[in-house]
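Scroll down for the structure; my scribbles are underneath it.
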Amino acid sequence: MSEKTAEGNKKEIVISPVTRLEGHAKIDIFLNDEGNVEDAYFQVVELKGFERFCQGRPAEEMPRIVPRICGVCPNPHHMASGKAVDMVFGVEPTETAKKLREMSLNAHYVHSHIAHFYALAGPDFIVGPTADPSERNIVGVINKVGLEVGGQVIKARADAQKIQEIISGRATHPINNLPGGIAKPITSEQQKEIEEMSKGLVEFGKFTLQIFEDVVLKNKDYVDIITGDIYQHKTYYMGTVDKNNKVNFYDGDVRVVDPDGKEFAKFDASKEYLDHIAEHVEPWSYLKFPFLKNIGWKGLVDGKDSGVYRVAPLARLNASDGFSTPVAQEAYEKMYEVLGGKPVHATLAMHWARVIELMYAAERTLELIQDPEITSNDVRNIPTDVVGEGVGQVEAPRGTLFHHYWTDEEGIMKKLNIIVATGNNNAGICMSVKRAAEKLIKNFKVDQGILNMVEMAFRAYDPCFACATHTLPGHMPLEVKIYDSNHNLYQRFSRFD
Amino acid sequence: MKTLILGIGNPILKDDGVGIHIVRELKKEVKGVDFEEASVSGLELVELLKGYDRVIIVDAIKTENGKPGRIYRLTPDEIPTMHGISPHDVDFRTALEFGEKFIGTMPKKIDIYGIEVDNATEFGEDLTPEVAKSVPLVIKKIKKELQNGS
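As given, the protein sequences belong to chains Z and B, one line each in that order. Just so you know, we're using numbering that gives the first Met the number 0 here: the first sequence kicks off at 0 and counts up by one. Just so you know, we're using numbering that gives the first Met the number 0 here: the second sequence kicks off at 0 and counts up by one.
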């Protein structure tokens, strides 16, 4: 953290990338003469040239290239890309291929949500939001919940990784998706191995729900933080649902509910996402701000008249009618009962929603591996045509993900548009950071604990910046920018630590 | 002594992939050690280290006003942050501490070669000229270290 007096006696606070904030992102907070927050910005660094990199390559290579955009969520990119190239080549995957893809994605959720809960959210809620930074990490979490938990975390993560590896070829950078399905089926031995691991993951999911209940829900201070007005925004919510409006990560319609929880839109993303989503550009951000086209962009404000929507675990729960699996459904009902009904606008309830999704992902993995068709060799329909355009959409752990490709008549990439989860949440993250800063920083009083509580506002979204800015043109952003009340740039600084 | 040479980075993000480039070259010339490429950090990175006595990590590095192509040789204690400190993961030292406590078989010796990047924000499979020049130099240094058994 550092402070500097800029022109006009504004005080600037920069949360530098020193704790769990990636070097590609930063938060700037601007104070007025009274030492209260005048403005706060959340910004990410741009990665350039992805579209150019892909142009001229065969579209069927895309599912193997896009996981390289990001080491954090390669699997959802692989899946969205797989679905996009199915459509580019006008071919529907076989049922077994769809189930295996979905299972791999669910295993990825288990892996990803474990990391977030134990390594990132856990330090805030288990060790404490204002604890010393040296204690506020995963080791501090394990010290508090019990040393044996460390081993269980390691095993569950390793098993979730192994399941992805068996189905998708490689865990970190999956390679198995091809137009019309996947490259190889699983054997009955692999089926048994995955089934055993999945049973363990279901138990681990239950165990994690219990930890959440014991450590977070039974601590009134933490519940007050979650439900307090520091972290509230009434927005629209987006998620993917099956035909019964239950959460599904791999397939279904995109459903949007309004701030009162009523269905606002439901659409097949592969045909009409551009009818519902547009992107706003702000001069101070390389990352665009997607919004609901049929409401319109009204700025970084919440409410029914603002087109800002949010994605990720809490949004998925708000936008659905629950889960298709029993334990997750029970936990879902409990969450809304405790938090006062749907929708829940408390950003920090994202953590609760995330552990419920961890439960669902484990149950769904087990359900899919026990499907009688899962070891079928019928894993691919061979494409015979090139349609030339395709949209693939899935739910990544951190929110709705869209891949849209255009090719020539030979299936060679001409153009692409990717809207990543963190992009969808960009407006929500910016608003949450600003509100937390405004509520917490008063009369120049800023310390590590307060700054961590500001960071908590965006950490709840589990944002990933590595891929969030990859398609935008421009130059390297500066570390610190200062704007006047009209958002005109009047001063720039480089980062100082 | 079971040794791993681990290249870290994104091979399609220009200089970010320099560690991967180096490990791919080394693999052609050096026998008797394991090689891995990874685009991961934090906990996943530590999981790759288990079971090894000795690990040499090769990664891209970005320091303030750093000269592209400069080679740094570091130990885990000397890096306040490391590739991909992400809001979705923990930093390397925390991950190592976690690994030592719960995995139990962390390497006794970990050394890190960091190569200062010029351009690690643009997609591309090639390295910028100054960074490319550092590749044979790092290979030479690592081979010498392995020969000396250090």
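Built from N, CA and C at the ideal position, the CB exists for glycine as well. Because the structure is a prediction, the values reported are computed rather than measured.
CB residue i to CB residue j, shorter than 8 Å?
{"i": "Ile11 of chain B", "j": "Arg67 of chain Z", "result": "yes"}
{"i": "Ile181 of chain Z", "j": "Ile165 of chain Z", "result": "no"}
{"i": "Ile440 of chain Z", "j": "Val148 of chain Z", "result": "no"}
{"i": "Phe322 of chain Z", "j": "Leu30 of chain Z", "result": "no"}
{"i": "Ile114 of chain B", "j": "Val17 of chain B", "result": "yes"}
{"i": "Ala352 of chain Z", "j": "Pro312 of chain Z", "result": "yes"}
{"i": "Asn380 of chain Z", "j": "Gly251 of chain Z", "result": "no"}
{"i": "Phe122 of chain B", "j": "Lys47 of chain Z", "result": "yes"}
{"i": "Glu409 of chain Z", "j": "Val385 of chain Z", "result": "yes"}
{"i": "Asp320 of chain Z", "j": "Asn244 of chain Z", "result": "yes"}
{"i": "Ser431 of chain Z", "j": "Thr346 of chain Z", "result": "yes"}
{"i": "Ser111 of chain Z", "j": "Cys72 of chain Z", "result": "yes"}
{"i": "Leu357 of chain Z", "j": "Phe116 of chain Z", "result": "yes"}
{"i": "Glu59 of chain Z", "j": "Val90 of chain Z", "result": "no"}
{"i": "Ala94 of chain B", "j": "Leu47 of chain B", "result": "no"}
{"i": "Phe290 of chain Z", "j": "His279 of chain Z", "result": "yes"}
{"i": "Ala330 of chain Z", "j": "Asn105 of chain Z", "result": "no"}
{"i": "Leu136 of chain Z", "j": "Pro122 of chain Z", "result": "Before going further, note that residue 136 of chain Z is Asn rather than Leu in the sequence given. For Asn136 of chain Z and Pro122 of chain Z, yes; Cβs fall inside 8 Å."}
{"i": "Gly116 of chain B", "j": "Asp15 of chain B", "result": "According to the sequence provided, residue 116 of chain B is Val. The question's Gly does not apply to it. Yes, the Cβ-Cβ distance between Val116 of chain B and Asp15 of chain B is below 8 Å."}
{"i": "Phe97 of chain B", "j": "Val138 of chain Z", "result": "yes"}
{"i": "Tyr236 of chain Z", "j": "Pro396 of chain Z", "result": "no"}
{"i": "His77 of chain Z", "j": "Asn176 of chain Z", "result": "yes"}
{"i": "Val256 of chain Z", "j": "Phe263 of chain Z", "result": "yes"}
{"i": "Asp32 of chain B", "j": "Thr74 of chain B", "result": "First, the residue type needs correcting, since residue 32 of chain B is Val and not Asp in the sequence shown. Cβ atoms of Val32 of chain B and Thr74 of chain B: not closer than 8 Å."}
{"i": "Ala348 of chain Z", "j": "Ile224 of chain Z", "result": "no"}
{"i": "Ile414 of chain Z", "j": "Glu50 of chain Z", "result": "Rather than Ile, the amino acid found at residue 414 of chain Z in this sequence is Lys. Yes. Within cutoff."}
{"i": "Thr95 of chain Z", "j": "Gly448 of chain Z", "result": "no"}
{"i": "Ala170 of chain Z", "j": "Leu200 of chain Z", "result": "no"}
{"i": "Pro258 of chain Z", "j": "Lys292 of chain Z", "result": "no"}
{"i": "Ile113 of chain Z", "j": "Val152 of chain Z", "result": "yes"}
{"i": "His402 of chain Z", "j": "Ala79 of chain Z", "result": "yes"}
{"i": "Ala120 of chain Z", "j": "His344 of chain Z", "result": "no"}
{"i": "Pro67 of chain B", "j": "Glu124 of chain B", "result": "no"}
Who are the near neighbours of residue i in its chain, counting only those whose CB is closer than 6 Å to its CB and skipping five residues on each side?
{"i": "Ile174 of chain Z", "result": "Arg63, Gly168"}
{"i": "Ile294 of chain Z", "result": "Gly306"}
{"i": "Glu144 of chain B", "result": "none"}
{"i": "Gln146 of chain B", "result": "none"}
{"i": "Met81 of chain B", "result": "With a pLDDT of only 40 at Met81 of chain B, under 50, the local geometry of the prediction cannot be trusted, and the value read off the model is given with reservation. Closer than 6 Å at the Cβ level, and outside the excluded window around Met81 of chain B, lie Phe91."}
{"i": "Lys49 of chain B", "result": "Ile102, Thr104"}
{"i": "Thr468 of chain Z", "result": "Here Thr468 of chain Z scores only 34 on pLDDT, less than 50, and its place in the model is too uncertain to base an answer on."}
Tell me, to the nearest whole angstrom, how far the beta carbon of residue i is from that of residue j; I am working on the premise that it is less than 8 Å.
{"i": "Tyr460 of chain Z", "j": "Gly422 of chain Z", "result": "About 11 Å; that fails the 8 Å criterion."}
{"i": "Lys82 of chain Z", "j": "Gln369 of chain Z", "result": "About 24 Å separates the two Cβ atoms, so there is no contact after all."}
{"i": "Thr364 of chain Z", "j": "Ile162 of chain Z", "result": "7 Å"}
{"i": "Tyr112 of chain B", "j": "Val22 of chain B", "result": "That belief does not hold up - the Cβ atoms of Tyr112 of chain B and Val22 of chain B are roughly 10 Å apart, past 8 Å."}
{"i": "Val87 of chain Z", "j": "Gly389 of chain Z", "result": "4 Å"}
{"i": "Ala277 of chain Z", "j": "Gly398 of chain Z", "result": "That belief does not hold up - the Cβ atoms of Ala277 of chain Z and Gly398 of chain Z are roughly 17 Å apart, past 8 Å."}
{"i": "Phe203 of chain Z", "j": "Phe457 of chain Z", "result": "Actually they are not in contact, since the Cβ atoms of Phe203 of chain Z and Phe457 of chain Z sit about 27 Å apart, beyond 8 Å."}
CB-CB under 7 Å to residue i, same chain, minus the five flanking residues each way: which ones, in chain order?
{"i": "Pro135 of chain B", "result": "none"}
{"i": "Ala196 of chain Z", "result": "Reading the sequence as shown, one finds Met at residue 196 of chain Z and not Ala. Contacts found: Asp158, Lys161, Ile162."}
{"i": "Lys297 of chain Z", "result": "Asp304, Ser305, Gly306"}
{"i": "His20 of chain B", "result": "Leu126, Val134"}
{"i": "Met0 of chain B", "result": "Asp52, Arg53"}
{"i": "Ile125 of chain Z", "result": "Val140, Lys143, Val144, Val214"}
{"i": "Ala436 of chain Z", "result": "Ile28, Val36, Ala39, Val453"}
{"i": "Ala327 of chain Z", "result": "Ile355, Met358, Tyr359, Glu362"}
{"i": "Gly148 of chain B", "result": "none"}
Leaving out the 5 sequence neighbours to the left and right, which residues in its chain are closer than 8 Å to residue i when beta-carbon positions are compared?
{"i": "Val300 of chain Z", "result": "Val307, Met430"}
{"i": "Lys142 of chain B", "result": "Leu25, Glu28, Val29"}
{"i": "His87 of chain B", "result": "Annotation note: pLDDT 49 at His87 of chain B (below 50); position unreliable, no value reported."}
{"i": "Thr470 of chain Z", "result": "Confidence at Thr470 of chain Z is low in this model, with a pLDDT of 23, below 50, so its placement is unreliable and the value that follows should be read with caution. These residues qualify, in order along the chain: Phe49, Glu50, Leu415, Asn416, Ile417."}
{"i": "Glu33 of chain Z", "result": "Asn442"}
{"i": "Lys98 of chain Z", "result": "Leu367, Asp370, Glu372, Ile373"}
{"i": "Ala37 of chain B", "result": "Leu5, Gly6, Ile7, Glu43, Leu44, Leu47"}
Taking 7 Å as the line, does the beta carbon of residue i fall inside it for any heavy atom of the ligand PLP?
{"i": "Glu147 of chain Z", "result": "Here there are no bound small molecules, and the ligand PLP is not part of this structure."}
Q: With 7 Å as the C-beta to C-beta threshold (strictly closer), list the residues of the region 96 to 108 of chain B near chain Z in chain order.
A: Glu96, Phe97, Lys100, Phe101, Ile102
Q. Quick one: complete alpha helix (DSSP H) runs, 4+ long, within the region 161 to 238 of chain Z?
A. DSSP runs (the alpha helix (DSSP H)) wholly in the region 161 to 238 of chain Z: 187 to 210, 219 to 226.
Q) What are the residues of the region 4 to 15 of chain B that lie near chain Z, defined by any Cβ-Cβ distance shorter than 8 Å? A) Asn9, Pro10, Ile11, Leu12
Q. Taking Cβ-Cβ distances below 8 Å as the criterion, which residues of the region 110 to 138 of chain B are in contact with chain Z?
A. Thr120, Glu121, Phe122, Gly123
Q) If you measure beta-carbon to beta-carbon, which residues of the region 28 to 61 of chain Z are closer than 8 Å to chain B? A) Val44, Glu45, Leu46, Lys47, Gly48, Phe49, Arg51, Phe52
Q) Fully enclosed by the region 240 to 298 of chain Z, which beta strand (DSSP E) runs are 3 residues long or longer? A) 252 to 256, 262 to 266, 276 to 279, 288 to 291
**Q.** chain B contacts made by the region 107 to 134 of chain Z, where a contact means CB separation under 8 Å
**A.** For the region 107 to 134 of chain Z, the residues whose beta carbon sits under 8 Å from a beta carbon of chain B are, in order, Ser111, Ala114, His115, Ala118, Leu119.
Q | Segments of 4+ residues assigned as alpha helix (DSSP H) that fall wholly inside the region 78 to 148 of chain B | A | 91 to 101, 128 to 147
Q.
To be precise: take each residue of the region 28 to 48 of chain B, compare its Cβ to all Cβ atoms of chain Z, and keep it if any distance is under 8 Å. Which residues remain?
A. Ala37, Ser38, Val39, Ser40, Gly41, Leu42, Glu43, Glu46
Q: May I have a chain-ordered list of the alpha helix (DSSP H) segments no shorter than 4 residues that lie completely inside the region 88 to 129 of chain Z?
A: You should have 94 to 113.
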